[in-house]
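Structure record follows, encoded as structure tokens.
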Amino acid sequence: MQIKQKIVGKTMEGVIQTVNVSATLRAMDVGANVFFDSEVNEITLRNACTRLKSTKVGAWSVDKVGKKGFKVTRTA
3 MQIKQKIVGK TMEGVIQTVN VSATLRAMDV GANVFFDSEV NEITLRNACT RLKSTKVGAW
63 SVDKVGKKGF KVTRTA
């Protein structure tokens, strides 16, 4: 799959299409927003956020953007 991202300073923003969701989430800075295309499974994305939060790596919020995909924001 392709990875498309735009790095602004130390903030990671852009469109992500990747096989390794957890690695992408870990690489985000606090306050950064990333858009995952609708090809990424919603359950996989939410489970990765929950699993990483339970291991105290960080915290993320997932917002569905219509049928286009998901906007993920790192909150901690």
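The numbering of the sequence shown is our numbering, which starts it at 3 and goes up by one. Glycine included, every Cβ here is placed at the ideal spot set by N, Cα and C.
For N35, the first and last residue of its enclosing beta strand (DSSP E):
Numbered from its first residue, the sequence shown carries residue 35 at position 33. Taken as a continuous stretch (DSSP letters only), the beta strand (DSSP E) holding N35 covers N35 to D39.
Identify which residue in L54, T57 and S40 has its Cα closest to the Cα of K73.
Sequence index remark: in the sequence shown, residue 73 carries index 71 (1-based). Checked all of L54, T57 and S40; the closest Cα to K73 is S40.
Please report the distance separating the alpha-carbon of M30 from that of S24.
Within the sequence shown, the letter at position 28 stands for residue 30. Within the sequence shown, the letter at position 22 stands for residue 24. Roughly 10 Å between the two C-alpha positions.
By the three-class DSSP mapping on this structure, what secondary structure does V23 have?
Taking the first residue of the sequence shown as 1, we reach residue 23 at position 21. Here V23 sits in helix by DSSP.
Buried versus exposed, by CB contacts within 10 Å (16 or more), V32:
Position 30 of the sequence shown, counted from the first residue, corresponds to residue 32. Counting Cβ neighbours within 10 Å, V32 comes out exposed, since fewer than 16 surround it.
Taking the alpha carbon of V36 as the point to measure from, which residue in A78, V59 and T26 has its own alpha carbon closest?
Translated into positions along the sequence shown, residue 36 becomes position 34. The option with the nearest alpha carbon to V36 is T26.
Could you tell me which residues DSSP pairs with G71 in its beta bridges?
Numbered from 1 along the sequence shown, position 69 holds the residue referred to as residue 71. Answer is D39 and V67, bridged to G71.
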